[in-house]
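Engineer: Right, I'll just put the structure down here and ask away after.
In UniProt numbering, the protein residues as written are 1 to 230.
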């Protein structure tokens, strides 16, 4: 068995790297997290059991055990079977992004537990049940299976009973009801991007189109202004 050594000292590079990755952190908060981490794990290595208890504290109304069972391998970047401090911090802040596609891609990676690059209806079902349990909004199995089937039908354009990450993103990112059950941090900030009548990203599309028009108009104005001065 390989012996893995974990550094107990928090280096300046670790601090800078984590602050770069996580906007909501500062030096003081990071130092507090490090002290707590060392108190929980004097050897600098956090087990899945300890991590699950800590992750549970972020979702006091739910049950984190099922979600963490699937997610731990995503957090354990060096595949040591334990989390070092950097991995722990990244894991505890993994649901802070407001990037819709990033969050859906993360859900895909977590529940693609055989790492085949594709998921089937069973894996989508696990995604739904584990996430709803995490949020304390447990869904009955019949409803969960029906939703998993609906998501698969929306994404599986080739009808081969398996979908890639790209197909998953394309099929889910414009449907609010899917995002709500697949993304733990989906909230009103994300929902405001969706049109209330048909649950797609029309609102975001209009913003992007306005932005494109503005860029074009500014470019045309610049060209004409330059020509006039000449």
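Cβ atoms here follow ideal geometry from the backbone N, Cα and C, with glycine treated the same way. No experiment lies behind these values; they were computed from the predicted model shown.
(1) What's the call for residue 146, buried or exposed, on a 16-neighbour Cβ count within 10 Å?
(2) Is the stretch 131–138 touching the stretch 56–70 in the sense that three or more CB pairs, one from each, lie closer than 8 angstroms?
(3) To the nearest angstrom, how far is it from the Cα of residue 13 to the Cα of residue 19?
(4) Quick check for students: name the residue ranges of the alpha helix (DSSP H) that lie wholly in the stretch 5–41, counting only runs of 4 or more.
(5) What are the uninterrupted segments assigned as alpha helix (DSSP H) that are 4 or more residues long and contained completely in the UniProt domain "EF-hand" (99–134), given in chain order?
(6) Which residue wins for smallest C-alpha separation from residue 151, given the options 179, 140, 21, 138?
(7) Apart from the five residues just before and just after residue 97, which ones in its own chain have a Cβ nearer than 7 angstroms to its Cβ?
(8) Could you give the distance in angstroms between the alpha-carbon of residue 198 and the alpha-carbon of residue 108?
(9) Taking just the CA atoms, how far does residue 165 sit from residue 88?
(10) In angstroms with no decimal places, state the Cα-to-Cα distance between residue 154 and residue 116.
(11) Terminal residues of the continuous alpha helix (DSSP H) containing residue 140?
(12) I'd like the list of long-range same chain contacts for residue 208, defined as Cβ closer than 6 angstroms, with 5 residues on each side in sequence excluded.
(13) Kindly indicate which residue of 41, 186, 162, 10 has the alpha-carbon position closest to the one of residue 28.
(14) Going by the DSSP bridge assignment, what does residue 46 pair with across the sheet?
(15) What is the rounded straight-line gap between the Cα of residue 57 and the Cα of residue 111?
(16) What first and last residue would you give for the alpha helix (DSSP H) that runs through residue 180?
(17) Leaving aside the five residues before and after residue 22 along the sequence, list all residues of the same chain whose C-beta is less than 8 angstroms from its C-beta, in chain order.
(18) Please determine, among 46, 144, 106, 160, the residue with the shortest C-alpha to C-alpha distance to residue 186.
(19) Looking at the structure shown, is residue 74 part of a helix, part of a strand, or coil, going by DSSP?
(20) Which same chain residues end up closer than 8 angstroms to residue 30 when comparing Cβ atoms and leaving out the 5 residues on each side of it in sequence?
(21) Is it buried or exposed, residue 167, if we count other Cβ atoms within 10 angstroms and call 16 or more buried?
(22) Tell me the residue span of the alpha helix (DSSP H) that contains residue 96.
(23) Please report the straight-line C-alpha distance between residue 188 and residue 176, rounded to a whole angstrom.
Structural biologist: Considering the structure as presented:
(1) exposed
(2) yes
(3) 10 angstroms
(4) 12–21, 27–40
(5) With a minimum length of 4 residues, the continuous alpha helix (DSSP H) runs that stay inside the UniProt domain "EF-hand" (99–134) are 100–111, 121–134.
(6) Taking only the C-alpha atoms, the option nearest residue 151 is 179.
(7) 103
(8) Note that residue 198 has pLDDT 44, beneath the 50 cutoff, so the model's placement of it is unreliable and the number below is only indicative. Cα to Cα, residue 198 sits roughly 24 angstroms from residue 108.
(9) 25 angstroms
(10) 20 angstroms
(11) First-last for residue 140: undefined, no H or E at that position.
(12) In this predicted model, residue 208 has a pLDDT of only 40, less than 50, meaning its place in the structure is not dependable; the value taken from the coordinates is given anyway. The beta carbon of residue 208 sits closer than 6 angstroms to none of the beta carbons in its chain outside the five residues before and after it.
(13) 10
(14) Looking at the DSSP assignment, residue 46 forms a beta bridge with 83.
(15) 22 angstroms
(16) 176–182
(17) Here residue 22 has 89, 90, 93, 96 as same chain residues with Cβ atoms under 8 angstroms from its own Cβ, once five neighbours each way along the sequence are excluded.
(18) The closest CA to that of residue 186, considering only 46, 144, 106, 160, is found on 106.
(19) Secondary structure of residue 74 (DSSP, three-state): helix.
(20) 10, 15, 18, 19, 89
(21) buried
(22) Residue 96 -> no alpha helix (DSSP H), and no H or E assigned at all.
(23) Here residue 188 scores only 46 on pLDDT, less than 50, and its place in the model should not be relied on; the value that follows carries that caveat. Their Cα atoms are separated by approximately 11 angstroms.
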